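The block underneath contains the structure these notes are about, expressed in structure tokens.
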Amino acid sequence: MAPIRTPIRASILTVSDRSFSGVRADISGSAIVELLKTEGFLLSNTAIVPDEKGEIVRQLLQWVDENQTDLIFTTGGTGFAPRDVTPEATKSIVERETPGISEYIRLKSTEITPHASLSRAISGICRNCLIINLPGSPKAACESIKFILPVLPHAIELLNDDPGSERNH
Numbered sequence: 383m384a385p386i387r388t389p390i391r392a393s394i395l396t397v398s399d400r401s402f403s404g405v406r407a408d409i410s411g412s413a414i415v416e417l418l419k420t421e422g423f424l425l426s427n428t429a430i431v432p433d434e435k436g437e438i439v440r441q442l443l444q445w446v447d448e449n450q451t452d453l454i455f456t457t458g459g460t461g462f463a464p465r466d467v468t469p470e471a472t473k474s475i476v477e478r479e480t481p482g483i484s485e486y487i488r489l490k491s492t493e494i495t496p497h498a499s500l501s502r503a504i505s506g507i508c509r510n511c512l513i514i515n516l517p518g519s520p521k522a523a524c525e526s527i528k529f530i531l532p533v534l535p536h537a538i539e540l541l542n543d544d545p546g547s548e549r550n551h
């Protein structure tokens with residue numbers, strides 16, 4: 383019998399000028415929420431911020447500093463547009479990057495569309511929280527999560543120094 387795992391506390395940060403200003407609905411954030419609920423995650427927080435590095439950093443650090451979440455998914459701001467600064471904001475606060483996660487998402491995503499190779503998304507660890515940048519497209523964001531779902535419980539156990547984590551790899 384497998385050990386009972388504590389549900390992962392997840393937060394979603396949508397980075398979008400248009401969604402923040404109310405011009406466009408936050409479809410990506412909503413899609414991620416629904417997927418995570420289906421997969422048994424506990425939803426800790428959701429927020430929408432504009433494509434501003436300082437706003438992204440402020441929200442990420444608030445959730446990390448208050449120990450409100452084990453895992454943060456950002457959606458949006460990872461492309462080539464001049465205001466796409468989510469990777470830079472994330473990189474400014476992570477203590478250790480986790481390139482394998484982002485590389486795997488890009489690899490699997492390029493099997494669906496060559497445009498995935500244009501993603502600048504990163505992932506990394508800030509204290510005991512894993513932060514993963516996702517694309518802004520609802521379809522691509524959910525596909526990306528599905529690619530890495532099998533490794534997320536073990537990653538979070540390792541971050542929390544769970545003594546059972548060694549048995550599960």
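Letter by letter, the sequence shown follows residues 383 to 551 of the numbering used here. Just so you know, even glycine gets a beta-carbon here, dropped at the ideal spot from N, CA and C. Because the structure is a prediction, the values reported are computed rather than measured.
According to the Cβ coordinates, are residue i and residue j closer than 9 Å?
| i | j | result |
| --- | --- | --- |
| arginine 391 | serine 426 | yes |
| leucine 516 | phenylalanine 455 | yes |
| isoleucine 513 | isoleucine 487 | no |
| isoleucine 430 | aspartate 408 | yes |
| aspartate 466 | arginine 502 | yes |
| glutamate 470 | cysteine 508 | no |
| isoleucine 438 | glycine 459 | yes |
| arginine 495 | alanine 522 | For the sequence presented, residue 495 should be read as threonine rather than arginine. For threonine 495 and alanine 522, yes; Cβs fall inside 9 Å. |
If residue i sits next to residue j, beta carbons under 8 Å apart, how far is it from one beta carbon to the other, in whole angstroms?
| i | j | result |
| --- | --- | --- |
| isoleucine 414 | cysteine 524 | 7 Å |
| threonine 371 | valine 397 | In the structure as shown, the chain begins at 383 and stops at 551. Residue 371 is therefore absent and cannot be evaluated. |
| isoleucine 527 | leucine 417 | 6 Å |
| threonine 457 | isoleucine 394 | 7 Å |
| serine 484 | serine 505 | 5 Å |
| serine 403 | serine 519 | No, serine 403 and serine 519 are not in contact; Cβ-Cβ is about 19 Å, not under 8 Å. |
| leucine 453 | leucine 534 | 7 Å |
Classify residue i as helix, strand or coil using the three-state DSSP reduction.
| i | result |
| --- | --- |
| alanine 407 | coil |
| isoleucine 483 | helix |
| methionine 383 | Confidence at methionine 383 is low in this model, with a pLDDT of 41, below 50, so its placement is unreliable and no value can be given for it. |
| glutamate 539 | helix |
| glutamate 434 | coil |
| asparagine 550 | Confidence is the limiting factor: at asparagine 550 the pLDDT is only 47, short of 50, which leaves the residue's position unreliable, though a coordinate-based value still follows. The answer is helix: DSSP assigns asparagine 550 an H, G or I state. |
According to DSSP, what are the bridge partners of residue i?
| i | result |
| --- | --- |
| arginine 391 | Leu424 |
| valine 439 | Valine 439 pairs with nothing; no bridge assigned. |
| alanine 429 | Leu395 |
message: Quick check for students: name the residue ranges of the alpha helix (DSSP H) that lie wholly in the segment 447–521, counting only runs of 4 or more.
response: Taken in chain order, the complete alpha helix (DSSP H) segments of 4 residues or longer contained in the segment 447–521 are 468–475 and 481–492.
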